[in-house]
Amino acid sequence: MIKLEKISKRHEQKQILDEISLDIKSSQRVVILGKSGSGKTTLLRLIAGLEAPEHGCIYIDSKLASKDGKIIIPPHKRDIGMVFQNLALWSHMNVFENISFGLKMQKVDKRKIKEQVKEMLKIMQLEGYENKNIQNLSGGEQQRVALARALITAPKVLLMDEPLSSLNIELSSILLNEILNLQKSMGFTLIYVTHSQREAKSLATQIIKIENSKIVM
Amino acid sequence: MRQKFFFLVVASIFIITFVPVIVLIGDTLYSLPKEYSLLLDISVWKVFVKSFFLSILVAFSTTVVGTMLGILFVKSDLKFTKFFLFILIIPLLIPPFMIAYGWFEVLGRNSLLFGFLGVWFVHFSIFLPIPLLFSMLALKEIDISLEEASLVFTSPKETLKSITLPLIFPSLIFSFLIVFILSFGEYSVANYLRYDTFSLQSFVYFSAFYDYQKATLLSLPTVGVVLLVMLYFEVLHNRYTFGINKTYKIKKIPIQKYKKMITLMLVFFVFVVDVVPIFMLLFKGLDFTNFIDGLKLGYKPLLKSLIYSSLSASILSIFGFLSAYIIVEKLFKWYKLYDKGLLFLFVLPPTVFAISFTLFYNHTWSDIIYASPLIILFAYLGKFLFLSTKVLQSTLEKIPASFIEAAKLSGASWKEIIYFILLPLSKNALFIAWIIGFIFSFREISMTMILYPPGYQTLPIEIITQMANGQESVIASMSSIMIVISSLMLGIVFKLSRTKE
C-alpha cells in the first residue's frame, strides 16, 4: 500500500529523518511513536506529499509518489485524508462547508454532497450542526468535524497527526474508540502519529518508533 | 495612578486633535441654514460623484493588483522580491504631486496626463503599496496547515481561490476602504494635473477665496463618507484587527517555467509605474550644477523639514507607545473607541483636518500654537498617531503576559514594568515607529500647505511654490533630495524588519 525506501530529510541543516524504509500494508493501523522533534510529523507530511524527501522514494499503491526532492503525485491525487494536529478547520466556512469541501473539489453532484455529508454527520454524532460556526464548537466537536472532513471522500489512507493531544484523557479515550470503530467499519489504512504510549497501545496493529532520525522497531 | 496618567495622555490627544474636528463639524452644522444653497448646487454634487468614482476605481485597481503582487511576493519562490517591494513603496513615501511632476517631465502637457486618466494612474502608483503591504501581512498570518488541509483535496490554484483568498478577504476590504478614503481626500495631484475633485474644491474655497464656511461645508459630505466607510467596516468586518499577531512559515509555491516571464513582466510593471517618473526627477535633479542650485535655494526648508519630521517622529513614537499600551492593556472600557478614533483621524481627508485646526487654533489665546511650528507638529500627531500606535501595538501584543506577571511578582510597579520590560523589548519597534513617523511627516504636504505659519515652510511646500514660478531643474533637484532621504529611511526600515524577522 505505502512503501518508503531510504527516505532522508533535513530541516535547516538538522537531520530529521535518516534513510528510513517502511512498508505499510492495506487496512493496517500503524502508529508512529516518538518524542517531540523526532521527525514523526515530517514522516507523515512526506507520505501526504506536503513535503518532498531529500533522498529516497515513496510509493503509494505501487506508484512512485515522491523521489529525491520531487513530488511526483501531488497530495490531492494520493487518495488520502488527513487530520492535522491543530485540526486546521477553516473559520470562514461552517461545519457543512468544511466537511463537504473535498467532495466539492471532486465536482460531486450537489444533491449527492448533501446526502453524503448528512450521512457523515450522523456517523460523527453531529446531526443538526451543519450551519454552525467552527468557533462555536467544543474541542471534541471540532475534532469530529476534522475527522469527518478527512473521511468524507472515503480515502484509502487516513493520516492523523497527534489529533487528540489537546483534549483531556476522558474525551480522548472516547474519540480513540470512535476512530478505531470507524477504521474497522470503513477499512482504510490508518497512520497515526503520537507521543502517547496509551494511544499507541489501544489503537495500533503495528507500532513504529522513531528515535534519532531512525526507526527503532 | 496608572489610570490617571493614561487618562491624561488620552485627554491631551483628545483636546489637541479630536476637539478641532468636533468644532469643525459643529460649526458646519451651525452654518448649514445660511450656506445650505451650496449643497443644492448640482455642479458640486457632480464633482462629488466624479471624485467618488475616481476613488472607487483607484481603490479597486490597487487592491486587485496589490493582492496579486502580494501573493506573488509572499507565496512564490520569485527572486528579488525585496527589491521590487522597495521600488514599489517609494511613491507612497514622497509627496504625491511629485509623481505627477515626474510624469509631466516625461510626457509634457499631454491630455492623457492632465485629466481623469492621469490622476487615476498617479493615485494608482501612490496607493498601490497599501493593499500590497496589507495582503502580504495577511498572507503571513495564515496558518500553513489551513492551506495544507485543502491541498490534500485539491490543487494549489484551487486552494488559493477557496482558502487563501477568503482568509485574507477582510484585510483586502480594509485596505480597499483605506485607499478609497485616502484617494478621496488627496488633492495635490488633482491640483497639479488641473482636474477638479471634491477635496480640491474644498481646498480652493479655503485657500483661494478664504471662504471658511463654504470650505467647511464642503468637508461635511467627506466626513460623512469617512464615517459611513468606518461604520460599514465595523459592522461587517469587525473581526479584522490591524497588525500581525502571529506569523507562520510560508509554503512557497514554485513557479518554475513561468519564473522568467513573471520576472520580466514585473520589471516592466515596476518600470512603467514607478521607475520612469522617479528616474526622470533623479536624472535631472542629481546633475551636479542643478543639485547645488536646488540645495542653495532649498537648504533652509530642508533643514526645517528635517527638524519638524524628527520632532514629529519622536512625539509620535512616545504617544504611539502610550496609545498602544492603553489598547493592549485595555486600560479603559472605551479603549476600542479610542482605537477607532485614531483610525478616523488617519483616514480623515487632510484638508478637512487642517481646516479644523485653522478654525480651532486661529485665535488670540492659541497664537503660540497657530503662529509657530507647533501647529504643524500637532497636525502630524493627530494624523499619523494611528500608524505609530499600530507598529508598537503589534510588538506589545507579542510580549508574553507571563513576562509582565513575573515582574509584578517581583514587586515591580507599572512604571518599572514599562521601563525595565516593555520599553527594552519594544526597542526595535520604537525605532521603526520613529522612522515611519519621520517619513510620513517629511512627505506631508496637504495639511502643511494650509497650516504652515509664514517663514516656516517645509521642503515639499518650497517645491510646490517653485513649481508655480521656479526653474524645472531646481524643482527636480529638490524632489531628488526628498526621494533620496525617504529611500534611505525606507532602507533602514527594511534592514531592521529583516533583523527582527
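Sequence lines, in order, name chains A and B.
Letter by letter, the first sequence follows residues 1 to 217 in our numbering.
Letter by letter, the second sequence follows residues 1001 to 1501 in our numbering.
We put the CB at the ideal spot given by N, CA and C, even for glycine.
Thinking residue i and residue j are a contact (beta carbons under 8 Å), I'd like their distance in whole angstroms, please.
i, j, result
"Leu942(B)", "Thr1395(B)", "Only positions 1001 to 1501 of chain B appear in this structure, which leaves residue 942(B) out of reach."
"Ala48(A)", "Val1152(B)", "6 Å"
"Ser1199(B)", "Thr1351(B)", "5 Å"
"Ile1483(B)", "Ile1094(B)", "6 Å"
"Ile1087(B)", "Val1225(B)", "That belief does not hold up - the Cβ atoms of Ile1087(B) and Val1225(B) are roughly 32 Å apart, past 8 Å."
"Ile1099(B)", "Ile1130(B)", "Actually they do not touch by this definition, with Cβ atoms about 15 Å apart."
"Val193(A)", "Ile32(A)", "5 Å"
"Ile1404(B)", "Ile1421(B)", "6 Å"
"Ala1138(B)", "Ile1089(B)", "Between Ile1089(B) and Ala1138(B) the Cβ distance is about 17 Å, and since that is not below 8 Å, they are no contact."
"Tyr1419(B)", "Pro1373(B)", "Not a contact, Cβ separation roughly 30 Å."
"Lys9(A)", "Leu22(A)", "Contact doesn't hold; Cβ gap of about 13 Å is too wide."
"Gly1382(B)", "Phe1360(B)", "In fact, because the Cβ distance is near 11 Å, the residues do not count as touching under 8 Å."
"Gly187(A)", "Ser38(A)", "Incorrect: roughly 29 Å between the Cβ atoms, too far for contact."
"Val95(A)", "Lys122(A)", "Going by Cβ atoms, the distance from Val95(A) to Lys122(A) rounds to 13 Å, so no, they are not a contact pair."
"Tyr1210(B)", "Lys1304(B)", "With a Cβ gap of about 25 Å, Tyr1210(B) and Lys1304(B) do not count as contacting."
"Val1074(B)", "Thr1197(B)", "Their Cβ separation, rounded to whole angstroms, is 34 Å, which puts Val1074(B) and Thr1197(B) out of contact at 8 Å."
"Glu1462(B)", "Gly1298(B)", "6 Å"
Less than 6 Å between C-beta atoms, sequence neighbours within five positions excluded: which residues of the same chain meet that for residue i?
i, result
"Leu1132(B)", "Gly1066, Leu1069, Gly1070"
"Phe1097(B)", "Ser1188, Val1189, Tyr1192"
"Ile1399(B)", "Leu1425"
"Gly81(A)", "Ala150, Leu151, Pro155, Leu158"
"Glu1501(B)", "Per-residue confidence for Glu1501(B) stands at a pLDDT of 47, beneath the threshold of 50, marking its modelled position as unreliable; the derived number appears in the next sentence. The answer is none, since no qualifying residue turns up."
"Leu182(A)", "none"
"Leu190(A)", "Arg29, Leu158, Gln183"
"Arg1194(B)", "Phe1114"
"Pro1453(B)", "Ala1371"
Return helix, strand or coil for residue i, following the three-state DSSP convention.
i, result
"Ile1244(B)", "Because the pLDDT at Ile1244(B) is just 46, under 50, the model does not fix this residue reliably, and the value given afterwards should be weighed accordingly. In the structure shown, Ile1244(B) sits in coil (DSSP, three-state: anything other than H, G, I, E or B)."
"Met124(A)", "coil"
"Gln183(A)", "helix"
"Asn5(A)", "Reading off the sequence shown, one finds Glu at residue 5(A), where the question assumed Asn. Three-state DSSP puts Glu5(A) in a strand."
"Ile994(B)", "Look at the range of chain B in this structure, 1001 to 1501, and you will see that residue 994(B) is not part of it."
"Arg1239(B)", "With a pLDDT of only 48 at Arg1239(B), under the threshold of 50, the placement of this residue in the model should not be trusted, and no figure is reported."
"Asn177(A)", "helix"
"Ile71(A)", "strand"
"Ser1055(B)", "helix"
"Val108(A)", "coil"
"Lys1330(B)", "coil"
"Gln1201(B)", "helix"
"Ser38(A)", "coil"
"Ala52(A)", "coil"
"Tyr1325(B)", "helix"
"Ala1208(B)", "coil"
"Gln1457(B)", "coil"
"Gly1115(B)", "coil"
"Phe188(A)", "coil"
Return the chain-ordered list of same chain residues with a C-beta closer than 8 Å to the C-beta of residue i, the five sequence neighbours on each side being excluded.
i, result
"Tyr1232(B)", "Leu1177"
Check the DSSP bridge columns for residue i and list the partner residues they point to.
i, result
"Lys214(A)", "Glu211(A)"
"Arg10(A)", "Gln15(A)"
"Gly81(A)", "Leu158(A)"
"Val193(A)", "Ile32(A), Asp161(A)"
"Asp23(A)", "Lys3(A)"
"Leu64(A)", "Tyr59(A)"
"Lys1304(B)", "DSSP lists no partner for Lys1304(B)."
"Gln206(A)", "Val30(A)"
"Asn94(A)", "Asn133(A)"
"Ile1253(B)", "Ser1076(B)"
Between residue i and the rest of its own chain, which residues show a CB-CB distance below 7 Å, the 5 nearest in sequence each way excluded?
i, result
"Arg45(A)", "Glu51"
"Ile1355(B)", "Leu1024, Phe1206, Ala1215, Thr1216, Ser1219, Ile1450"
"Ser91(A)", "Ile134, Gln135"
"Asn98(A)", "Leu89, Trp90, Ile134, Val145, Arg149"
"Leu1078(B)", "Leu1072, Ile1255, Lys1259, Ile1262, Thr1263"
"Ile1244(B)", "Reliability fails at Ile1244(B), whose pLDDT of 46 lies under 50, so the model's placement of it is uncertain and the value that follows must be treated cautiously. Closer than 7 Å at Cβ, skipping near neighbours: Leu1137, Lys1140, Glu1141, Ser1394."
message: I want to know whether the segment 1276–1288 of chain B touches the segment 1469–1479 of chain B - three or more CB-CB distances under 8 Å.
response: Taking 8 Å as the limit for Cβ pairs, the verdict is that the segment 1469–1479 of chain B does touch the segment 1276–1288 of chain B.
query: Between the segment 1039–1048 of chain B and the segment 1103–1111 of chain B, are three or more C-beta pairs nearer than 8 Å?
result: Too few Cβ pairs lie closer than 8 Å, so no.
- request: Determine contact between the segment 160–171 of chain A and the segment 118–133 of chain A, defined as no fewer than three beta-carbon pairs at a distance below 8 Å.
  value: Contact fails: fewer than three Cβ-Cβ distances are below 8 Å.
- prompt: Below 8 Å, can you find three or more Cβ-Cβ pairs linking the segment 1153–1167 of chain B to the segment 101–118 of chain A?
  reply: Output reads yes: the segment 101–118 of chain A touches the segment 1153–1167 of chain B.
message: Could you check whether the segment 1256–1275 of chain B touches the segment 1049–1064 of chain B, counting it as contact only if at least three pairs of C-beta atoms, one from each stretch, sit closer than 8 Å?
response: By the Cβ test, the segment 1256–1275 of chain B is not in contact with the segment 1049–1064 of chain B, since fewer than three Cβ pairs between them sit closer than 8 Å.
- prompt: Is the segment 1439–1447 of chain B touching the segment 1303–1317 of chain B in the sense that three or more CB pairs, one from each, lie closer than 8 Å?
  reply: Output reads yes: the segment 1439–1447 of chain B touches the segment 1303–1317 of chain B.
message: With a threshold of 8 Å, are at least 3 pairs of Cβ atoms found where one atom belongs to the segment 1449–1469 of chain B and the other to the segment 1487–1494 of chain B?
response: By the Cβ test, the segment 1449–1469 of chain B is not in contact with the segment 1487–1494 of chain B, since fewer than three Cβ pairs between them sit closer than 8 Å.
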